[in-house]
Structure formats: structure tokens, C-alpha cells
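Trainee:
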Amino acid sequence: MAPPLIEAADLVKLYRMGDETVRALDSVSFAIPRGDYCAIVGPSGSGKSTLMNILGGLDTPTGGRIVIDGADIGALDDAGLAQFRNRTIGFVFQSFNLLARQTALENVELPMIYAGVTPKERRERAAQMLTRVGLGERMSHRPTQLSGGQQQRVAIARALSGRPALLLADEPTGALDSQTGKDIMALFAELNREGVTIVIVTHDHEVAAAAKRTIEMRDGRIVSDTQNTRARHDAHV
Amino acid sequence: MMRTSDLVASAGRALRANPLRSALTALGVIIGVASVVAMVALGSGAQAQVERSIASLGSNLLIVVPGAQRGGGGVRGAAGAAGNWDSLTLDDAAAIAEIERVTVVAPSQRARAQLVANGLNWNTQVEGVTPAYLEARDWRIEQGRMFDETEERQARRVVVLGATVARELFPNVNPIGESVRVNGGVFEVIGVLASKGQSGFGMDQDDVTLAPLTTVKRRISGRSRRADTVSQISVKTASEDDLGVVQEQVETLLRQRHRTRPGEDDFTVQNLSSITQTAAQTTQVFTYLLGGISAVSLLVGGIGIMNIMLVSVTERTREIGLRKALGARQSDILHQFGLEAVALSVAGGVVGLALGVLGAWLMTSLFSLPLVIAPQNALLAIAFSGLVGVLFGAYPAWRAARLDPIEALRRE
Ligand SMILES: Nc1ncnc2c1ncn2[C@@H]1O[C@H](COP(=O)(O)OP(=O)(O)OP(=O)(O)O)[C@@H](O)[C@H]1O
Ligand SMILES: [Mg+2]
Chain W
0 MAPPLIEAAD LVKLYRMGDE TVRALDSVSF AIPRGDYCAI VGPSGSGKST
50 LMNILGGLDT PTGGRIVIDG ADIGALDDAG LAQFRNRTIG FVFQSFNLLA
100 RQTALENVEL PMIYAGVTPK ERRERAAQML TRVGLGERMS HRPTQLSGGQ
150 QQRVAIARAL SGRPALLLAD EPTGALDSQT GKDIMALFAE LNREGVTIVI
200 VTHDHEVAAA AKRTIEMRDG RIVSDTQNTR ARHDAHV
Chain P
0 MMRTSDLVAS AGRALRANPL RSALTALGVI IGVASVVAMV ALGSGAQAQV
50 ERSIASLGSN LLIVVPGAQR GGGGVRGAAG AAGNWDSLTL DDAAAIAEIE
100 RVTVVAPSQR ARAQLVANGL NWNTQVEGVT PAYLEARDWR IEQGRMFDET
150 EERQARRVVV LGATVARELF PNVNPIGESV RVNGGVFEVI GVLASKGQSG
200 FGMDQDDVTL APLTTVKRRI SGRSRRADTV SQISVKTASE DDLGVVQEQV
250 ETLLRQRHRT RPGEDDFTVQ NLSSITQTAA QTTQVFTYLL GGISAVSLLV
300 GGIGIMNIML VSVTERTREI GLRKALGARQ SDILHQFGLE AVALSVAGGV
350 VGLALGVLGA WLMTSLFSLP LVIAPQNALL AIAFSGLVGV LFGAYPAWRA
400 ARLDPIEALR RE
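As they're listed, the protein sequences go chains W and P. With numbering that gives the first Met the number 0 applied, the first sequence corresponds to residues 0 to 236, in that order. With numbering that gives the first Met the number 0 applied, the second sequence corresponds to residues 0 to 411, in that order.
#1: So, is Asn85 (chain W) buried or exposed, given that buried needs 16 or more other C-beta atoms within 10 angstroms?
#2: Considering only DSSP beta bridges, list what Gln142 (chain P) is partnered with.
#3: Using the three-state DSSP reduction, which class does Met216 (chain W) fall into: helix, strand or coil?
#4: Taking its Cβ as the centre, do 16 or more other Cβ atoms sit within 10 Å of Ala185 (chain W), making it buried, or is it exposed?
#5: For a contact defined as C-beta to C-beta under 7 Å, what are the partners of Ile266 (chain W) on chain P?
#6: State buried or exposed for Thr48 (chain P), treating a residue as buried only when at least 16 other CB atoms are found within 10 Å of its CB.
#7: Since Val35 (chain P) contacts Ala359 (chain P) with CB under 8 Å, what's their CB separation in whole angstroms?
#8: Kindly list the residues whose CB is nearer than 6 Å to the CB of Arg218 (chain P), restricted to its own chain and excluding five residues on each side of it in sequence; keep chain order.
#9: Determine, for Gly115 (chain W), whether the minimum Cβ-Cβ distance to residues of chain C falls below 8 Å.
#10: Return yes when the C-beta of Ser48 (chain W) is under 7 Å from any heavy atom of ligand 2, and no when it is not.
#11: Going by the beta-carbon positions, is the gap between Pro118 (chain W) and Ser160 (chain W) smaller than 8 Å?
#12: Using the Cα positions of Val11 (chain W) and Pro60 (chain W), report the straight-line distance between them to the nearest angstrom.
#13: Applying the 10 Å Cβ sphere with the 16-neighbour rule, what's the burial state of Gly219 (chain W)?
#14: Between Pro395 (chain P) and chain W, is there a C-beta pair that is closer than 8 Å?
#15: The alpha helix (DSSP H) with Lys47 (chain W) in it runs from where to where?
#16: Closer than 7 Å: is that where the CB of Ala23 (chain W) sits relative to any heavy atom of ligand 1?
#17: Around the C-beta of Gly73 (chain P), are 16 or more other C-beta atoms found within 10 angstroms, so that it is buried, or is it exposed?
#18: Within 8 Å, do at least three Cβ pairs link the stretch 153 to 171 of chain P to the stretch 237 to 246 of chain P?
#19: Does the Cβ of Met308 (chain P) have 16 or more other Cβ atoms within 10 Å, making it buried, or fewer, making it exposed?
#20: Mapping DSSP to helix, strand and coil, what is Leu98 (chain W)?
#21: Can you give the Cα-Cα distance for Ile155 (chain W) and Arg124 (chain W), rounded to whole angstroms?
#22: Can you tell which of W:Arg22, W:Ile39, W:Ile88 and W:Thr225 has its C-alpha closest to the C-alpha of Ala327 (chain P)?
#23: Taking 7 Å as the line, does the beta carbon of Asp218 (chain W) fall inside it for any heavy atom of ligand 2?
#24: Would a check of beta-carbon distances place Asp9 (chain W) closer than 8 Å to chain P?
#25: Give every residue of the same chain whose Cβ lies closer than 6 Å to the Cβ of Ala80 (chain P), excluding the five residues on either side of it in the sequence, and list them in chain order.
#26: May I ask whether a heavy atom of ligand 1 can be found less than 7 Å away from the beta carbon of Ser94 (chain W)?
#27: Is Arg64 (chain W) helix, strand or coil when you go by DSSP?
#28: Is Ser45 (chain W) near ligand 1, in the sense that its beta carbon is under 7 Å from a heavy atom of that ligand?
#29: Exposed or buried, Arg322 (chain P), counting other C-beta atoms within 10 Å across all chains shown (16 or more means buried)?
#30: Measure the C-alpha to C-alpha separation of Phe169 (chain P) and Leu114 (chain P) and round it to an integer number of angstroms.
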């Protein structure tokens, strides 16, 4: 059997606030195989975002060990983490985080700039990605000229433009109305069927139900890890 | 790893995003560089002017005058020493002429005189000289001729007018062949000197009239106690390198002849090249001073850049967080913001250089000074403004690079 894409063992993240220590992650262990589509749910403050930040190489764990696509996150320096974020991870944020002064196409090009891709290839790949998410006609629009759903599609195209091994989304539908949210989830399901591994944080049970697997967290621990029935997953798509 | 062209493009985009702010930020550097360039050019122009006008007195020239030199370089007669102003004689001049490497010796006697011609009056200096005087002082005749040895010996009543005197007394007439009254006696004008302009000390060198030395001694400065004294001996050497040695030899010789000891001299030998050097040094110090004061404004410009860059880093915290999340390394962010600061200050430097040259041109033409702008100084101004950008951009860029991406992304 091929090694899983993500393998986490006894992950601990502590935040020290004066005298108090917050255990944002309390000995978390799990594995996510390639091609998985995993939803992380749990009450506010349960450590979902903390886990996502570590998965994305934005933060390093206080204890334990996590290996993603062969990279030991705890052992990387700044340049190593930057390259990891650039090559292995695609981020989708709740608030889109597009650069307001740049066009959709330029926004999608951004990660490839840090990968050192030539301008010509960058442009082609960005155009491809935008077409893929259904924005082929909107490439030269600026974020302010796009709807929320369209902006999130630009962000998804940006996340995918570097052909990452792992797509991370922290409440990607949180800022969208329910119909637009559904459209975005449909896009995720489609991408997953094409082979992209996805981990998504959500409060929305419908969104979670669309994933293949649900991990539930509470107080920094995983309290349940269930495979969703194939029927429900397919039914939603 | 970011490509350099992308780095430049992103800096350009950031600066163009806020053109007015960028321009105002660069203004500090513009003013700084412009004033440094203008002030240094002005100082260099003044320096060149001083050197040029002192050189106009004559090259390779020693001037021997009566009286001892005291203190900081002024020439004064020894107080109460009677006859001190008469210490130099024609025999001294003849003896100096024997010194090796001396090419021309020209004794002269100065007198104040009232010149009258055409009913016009002019009070001027009459210099009693030998024909060698022109060579000693690198002076040319503009019109007519100089008197010769014979006319000099025979104390002929002829004069050669300085350019100013000729203009004042003969505004509309060719002065050659005209007669002029000098302290009552009638003289014939046989020549007019070429103009030398102002001396380095602001005196009009053309306000002078040359007459044969013998004539001046007998007919103009008649009050002189001894017939063979002179008020000045001009000594020209073969080359500038000889000036020092010849100066010492002249001093030794005159001490022997006057039976004085070092420290009790009744004469002074002035070395014009050393005076030139002193004057040039003075103006150079002045130039550095002006440049230094202006450099302070460049510093203020740098602080302005730092200020705006810090504001910009705060404003763009979220963007920085995003860039990091997408794969920017600390060094990418450092370079991006550093380059913005350097681009601002170098652009300011280029505009400042242009304005500074323009300002220097205006001021030098106002003061009729030569315009001196050394190309290496211009390059230095640009390089220096770049350095200001690096120095004052470093801290804001470092702050940007060190931002924690999670914190930065959370920022509104
Ligand atoms: N930078 C920090 N400093 C101190 N404590 C922190 C920090 N970040 C997170 N925490 C704490 O860690 C715990 C987990 O936070 P986290 O953001 O992961 O929760 P979450 O599950 O994402 O919540 P939400 O659903 O509200 O987004 C919380 O108790 C939070 O207060
Ligand atoms: Mg969260």
C-alpha cells in the first residue's frame, strides 16, 4: 500500500498566554491517504484552524510529528516551509484573500511567481485554471468586479495553479450564500474526483456530508473519524 | 525563488498604485540630492574661479616686497623701522637675476596718480616697470606696443594703459598716440594692456597704468628718499617646481645683502602658487561644508522613506501574509519591500540630480562663476540616494519579512 499523503502522530500545539497554557492540539494522530476528501468539524475553539495551519506549513507543531508528501513539517526552516507551501499546498480562505489591484489572471499567477515559472507558462496555466473553474470570460476582471462566488473560484484556481498535492480550505463557504456555497462544494467534489486531495474545515453539516470522511474535534482532540456512506456522498454531487 | 523581473514589476506596481504618495515620499530625497548637487557645483565653481584668477596674476611667480611678514600671512611693514619700505633696491633685483633657474626679474615701483585726458579724470595706480614686467606677469599688449629698454633707460614720458583706464579715459577714441597728463606731466599713450579681470581678492587688475620705471622714479613718485629703491620685484622661474628652491635662495641672498638674520627680515617673498593652494583649500572646505549641510536634508528624505514604508507594511500586512501562504520566502518579502524603498530613493536621486544641475546652472550664471559638475559627483549622488534607500528601507522591509503569516492573514 502506498504511504498516506498526510501522517500525523501525537501532534501537540500549545499557546502560552501569560501563566496559562492553551492546548490547541492535544495529542492528535491521524492519516489521510492520497485522493481523500476530508471534512473537519467541531465547535468553535476546538483547534480546527490550528490543525489546518500546521497542515499548510504556516505553523509548526509544539510536539509530535507530521509528515506530508514526504516532508517533515516540524523540521523545515523558513525557506523549506515557503517552498512546501508553494509546491505542496493550495490554500482556499474563507475571505478569498485576493489582491484587489490585480486582475483575476494576475491573482492566479501569484503562486507561480514564487515558484519561478516563466511569465509565458504562468499566463497559460493561469488561463487554463480560470477556464477550469468556469471564469474563462472574466480573466481581466478585478476582484471588486466579481461576485463572492466568482472571487472564491479565482481563489480556488489560484490554489490549484501550482498543481499542489493537497488543497486546504478553512470554511470556504462561510462568506457565501447557500446556493453559491453549494456550487463551490460541487466544484470541490469534481476536483476530488479528478484526483485532488482535499481537507476542508466547516461548520455546515451539509458541506461536511459532501466529503468522503468527517473528522470531528473537541478541545484539541479528535473525538470521531467516520467514513461517510458512499450513497450520501454521491447523492449530493 | 522569485525572478528579478517579477521583483521589479511588483515594486513598480506598488509605487504606481499610489502615485501621489510615492512622489511626495521621493520629494525628500529629490530636495536633498538637488541641494547637494547644486551646492557642491556652486562651491566647485567658486574654487575654479579663485584658482583661475590667482593664476591670472602670473605663473611660476615669486613676488618680493619690502617689509616683514607677520603671523597669518599678511604683509606689514615692521612697526617703527624707518626705511623699511625702502629696503628693496635695483641692485637686489640685479643680484636675484643671477640665481639659477630664474628666468625673468622685473623690479617695479608703484605710485598713485591722477590721470587726465580729454577733460576726463581717473585716479589710478601707476606701475613703474621694465619691459620684462609683461613676461614676468604673463601679460599681453592688446593694442599698440610696450616701451623698450632704451625708452625705459631714457625715462621717456610714455604710458601703457590698463584696459579699465583706457576705457575710462578714452571711451570713444583710440587711445594710441593720444596724450594724457599724469600728475601734471604730459605723457604719450603707446599701448593698451589685455584685460586680466578681477584678481582672486576682488581687485580690478586692469585698473593700472604702466610707465618706464626710471620715469616713475624721477617724475611721478618723486618723494622717494633713495633713487634706486623699488616697491616690488617680480621673479619668474623656469618651472613651478623651482619656486620653493628659488624662494629660499632669494631669501638667503637678500639676508646676506641686507645683513639681517632669519626672523628679522625686512622683506617678504610671496609664493603665488602656495597662495593659490591656500585659497583653493579654503574654498574646498567651504564646498564640503555646503555639501554636508545639504546632505542632512538627504537624511531627512531617507527618514521620510522609512516612515512611508512602515505605513505601507502596516497597510499591506494581509497581502504579506497571503504572499507568504502562497510560497513567498522571508527573503522574497525583504527584497520586494527593500526594492520599493530603493526605487523610490533612486528615482528621487535622478530627479534631484536634474534639478540640482539646473539650480547650479542658474546660480553660477547669476554669480558669473564657471559651472563645474564632475561626472563622478553626479554618479555619487545617485549611488548615495540608492544607499539612503537601502539604509532606510531595510528596517521596514525586515519588519515585513518577519511577519507571522497566520497573524498577518487574520489582520483586517
Ligand atoms: N495565536 C494564538 N494565541 C493563543 N491562543 C490561540 C492562538 N490561536 C489559537 N488559539 C487558541 O487555540 C484554540 C484553538 O483555536 P482555533 O483557531 O484552532 O479554533 P477553531 O476550531 O478554528 O475555532 P473556530 O471554529 O471559531 O474558527 C482556541 O482556544 C484559541 O483561543
Ligand atoms: Mg477557525
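For every residue, glycine included, the Cβ atom is placed at its ideal position computed from N, Cα and C.
Mentor: On the basis of the supplied data:
#1: buried
#2: P:Val191
#3: strand
#4: exposed
#5: Examination of residue 266 (chain W) is not possible in this model, given that chain W is present from 0 through 236 alone.
#6: What sits at residue 48 (chain P) in the sequence shown is Gln, not Thr. Buried.
#7: That belief does not hold up - the Cβ atoms of Val35 (chain P) and Ala359 (chain P) are roughly 11 Å apart, past 8 Å.
#8: Gly184
#9: The structure shown has no chain C; the protein chains it does contain are W and P.
#10: yes
#11: no
#12: 6 Å
#13: buried
#14: no
#15: Lys47 to Leu54
#16: yes
#17: Since pLDDT at Gly73 (chain P) reaches only 43, below the 50 mark, its modelled position is unreliable, and the value read off the structure follows with that caveat. By the neighbour-count rule (16 or more Cβ atoms within 10 Å), Gly73 (chain P) is not buried but exposed.
#18: no
#19: buried
#20: coil
#21: 13 Å
#22: W:Ile88
#23: no
#24: no
#25: Here Ala80 (chain P) scores only 41 on pLDDT, less than 50, and its place in the model should not be relied on; the value that follows carries that caveat. Cβ within range, chain order: n/a, list empty.
#26: no
#27: strand
#28: yes
#29: buried
#30: 11 Å
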